[in-house]
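1 is the number of the first residue of the sequence shown in UniProt numbering; add one for each residue after it.
Notes follow the structure.
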Amino acid sequence: MWNNIPVREDLKEIVKTVLGFTGVTAVQKSCIAQFVSFKDVIVQAPTGSGKTLAYVLPVLEILLKAKPEWKKSEVRDEHNQRTMNIRIIGAVILVPSQELAVQVEKVFSYFLNVTKLKSVVFSGKRNVKKDVKKFCKGGGNIIIATPGRLETLLNLNSENGDFNLKVQFKMIEVFVLDEADRLLELGFSKSMTEIMSHLPKTRRTGLFSATIPEKMEELIKIGMRNPVKIVISGNEQLFSKKTVMKKQTVENDLQTVSTPRGLSIYYSIVAAEAKLAVLRKFLLDHLKEKILIFFSTCRCVDYFGEFLKKIFKRKTEVLTIHGKKQNGRQRIFHQFLKMKSGILVATDLMTRGIDIVDIDWVVQFDPPRQASWFVHRCGRTARVGRSGKALILLMPNEESYPEYLKKNQSVTLSELSLPCTTEDCDKMLEVLRERALRSREILEAGTRAFVSYIQSYCKHDCYIVCSLKDMDVVNVAHCYGLLRLPRMPELSGRDLSRFKRSSVDTSTIAYKDSKKEEKRLQLVEQRRRTSNDNNKQNTAGQAKTNGKGAKRKQKFSGHQYTVEEVGEIEDDYKMVKKLKTGKISREDFDQHFASD
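This is the structure in structure tokens:
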């Protein structure tokens, strides 16, 4: 119960009445008490365990204890030797994505009227000048930001001096790293180190993460002082033995190390060519539910997402989102958030920290590049004590993946039978190819998706289980509805004879966009003329060339070597090498090349 949690009564009342959380999770119970007592904390807990509130409440409590009112204050800028009357920042929260930043701000917003504090979001999507202008006008005691954008803003100063984060950071009381492992995975290590170098040493720091890899130790050493380590469900082995810190291990009744209690995880072994047909049938059987589907790449999301929109147009709503879709990402996210049923097709952008509590199913069309991402994908359902289900579709060459996850991530999967007939597969291939034949946009999108998938597959951390050489590449291409196989170095040396090549000349397939098609035809004509001109020049050059050398050259270029001749050439080459290395004498060499 919240009665024993050491934060203000008005904050606890909002949690119970507005947010509707009458019970306290293990991570909240353990973390809040340590954080508000001014200790640095490292919190490792499963996804969906309530980590956000575990730092939101302490941040508010610490700020309100430090200052009853957070208004403008005079701060000395030693670098420019002047005193500035600026807005004071009390807390900085770093998150890996703009979606999570907006979501965290929403949680803070429930408490801001009571506390009279202000929050502001700085993320990559927003215009830098607008960020500065907004902060100068309205301020913000709590900054929620992505590392790249915050680092950029640290190096900016407004003309009137009202915006100077390096100076304004001097009053910071709390610093939080949310989804810290994801921040490192995205390459923000240098940005985080730069940001921490401008923070006061007297601050409190909280690091929240589902996993604590060894590479995080350096960050912990730089940014934290004698941290208390809080581990939910005993993930001790994920910490390096070299890390020296005070520990408080919290055991609770979660079934596994890394997945929520109410989560059921299934896998199904499906032939490569049948995967899309199986997915379609699965979605038809769950039309009244809210489903999140993961694909490996942005191009796969674009290609398959548009296809699912087409076939489910009158049945349910299908949305797509990925990291390259900067415009409209927030709109799509909130649209899915409000939907009672529907489908969101996404990349691993949606794997971490995104809190959509009512997702019924998480479906993984293929394994993620890193095994740890599997857990975070699944964790988008069964949030905060609710139940949920997850499914991954595996090809026959990936049948060892569940065992790999059991050993690597302590996750147990149950097999689910999802049969598919040959007729269903053939029909799906026909439908996909018909779409490609009608539109060059679709034709190219399918090819790009296939190429991106193959390239992504080569980067799996479990390359023994997910090996490209064991993949049925031909039937994967059929699953993508390709008319032609693209030329790729990854496919060199593979037997592709089983591929059902379309008889249609793909160069005749037009873009639906008339302007785009006009430009394409102009390029085709230009290439044709260039090719003809080159052929004419080559023919003319050959006709003008005379002499024995030219004849010998022409004769040589048209000559087809026999096996015996090739053998003789190889022997000659070996003799030259032996002479150069001193293995034979000049006399032996001359004897070898002597005429009969």
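In this text, a Cβ means the ideal position worked out from N, Cα and C, and glycines have one as well.
Around Val431, the same chain offers no residue with a beta carbon nearer than 6 Å, after the five sequence neighbours per side are excluded. In this structure, Gly124 keeps its C-beta atom at 7 Å or more from the C-beta atom of Gly140. Annotated three-state conformation of Ala271 is coil, per DSSP.
Within 10 angstroms of the beta-carbon of Asn226 lie fewer than 16 other beta-carbons, which makes it exposed. Residues of the same chain with a CB within less than 6 Å of the CB of Leu443, apart from the 5 flanking positions on each side, are Ala436, Ile509 in chain order. When Cβ pairs closer than 8 Å are counted between the two stretches, the region 168 to 183 is seen not to touch the region 14 to 25, the count staying below three.
Per DSSP, Phe163 lies in no beta strand (DSSP E) segment and is marked neither H nor E. Put simply, the backbone Cα of Arg377 is about 33 Å away from that of Pro6. Following the DSSP letters along the chain, one finds Gly223 inside the alpha helix (DSSP H) bounded by residues 217 to 223.
Secondary structure at Lys229: strand, using DSSP grouped into helix, strand and coil.
By the Cβ rule, the region 481 to 495 does not count as touching the region 409 to 420, because fewer than three pairs are nearer than 8 Å. Between Gly388 and Leu287, the C-beta gap is not smaller than 7 Å, which leaves the two residues out of contact. Counting C-beta pairs closer than 8 Å gives three or more between the region 449 to 468 and the region 296 to 307, which meets the contact rule. Uninterrupted beta strand (DSSP E) stretches at least 3 residues long and entirely within the region 73 to 158 occur at 82 to 87, 91 to 94, 119 to 122, 142 to 145, given in chain order. Within the model, the alpha-carbon separation for Phe374 versus Asn408 is close to 11 Å. The secondary-structure analysis by DSSP pairs Thr320 across a beta bridge with Val345. In the three-state DSSP reduction, Trp361 falls in the strand class (E or B).
If you draw a 10 Å sphere on the C-beta of Glu434, you find fewer than 16 other C-beta atoms in it, and that means exposed. Comparing alpha carbon positions, the residue from Met428, Phe135, Met224 closest to Phe163 is Phe135. Shown here, Ile32 sits in a helix according to DSSP, grouped into three states.
Here Ser414 is bridged, per DSSP, to Tyr266. Rounded to whole angstroms, the separation of the alpha carbons of Glu306 and Phe111 is 40 Å.
The beta carbon of Leu276 sits closer than 6 Å to those of Met428, Cys479, all from its chain and outside the five residues before and after it, given in chain order. In terms of Cβ geometry, Gln44 and Ser268 do not form a close pair [threshold 7 Å].
With contacts defined as CB atoms closer than 7 Å, Gln34 and Val176 fail to qualify as a contacting pair. When Leu154, Gln168, Ile220, Leu207 are compared, the shortest CA-CA separation from Ile195 is found for Leu154. Between Ala346 and Ile311, the gap from beta carbon to beta carbon reaches 7 Å or more. By the CB criterion at 7 Å, Cys31 and Ile230 fall inside the cutoff. When Thr422, Val278, Val465 are compared, the shortest CA-CA separation from Pro402 is found for Val465. Counting along the chain, no alpha helix (DSSP H) covers Gln370, and no H or E run does either. Here the alpha carbons of Val451 and Glu179 stand approximately 31 Å from one another. The C-alpha of Phe188 lies about 22 Å from the C-alpha of Gln330. Within the DSSP secondary-structure output, Lys406 pairs in no beta bridge. With the rule of 3 Cβ pairs closer than 8 Å, the region 98 to 114 counts as touching the region 7 to 17.
Phe304: member of the alpha helix (DSSP H) spanning 298 to 311, first to last residue. Residue pairing by DSSP puts Ser209 in a beta bridge opposite Gln44.
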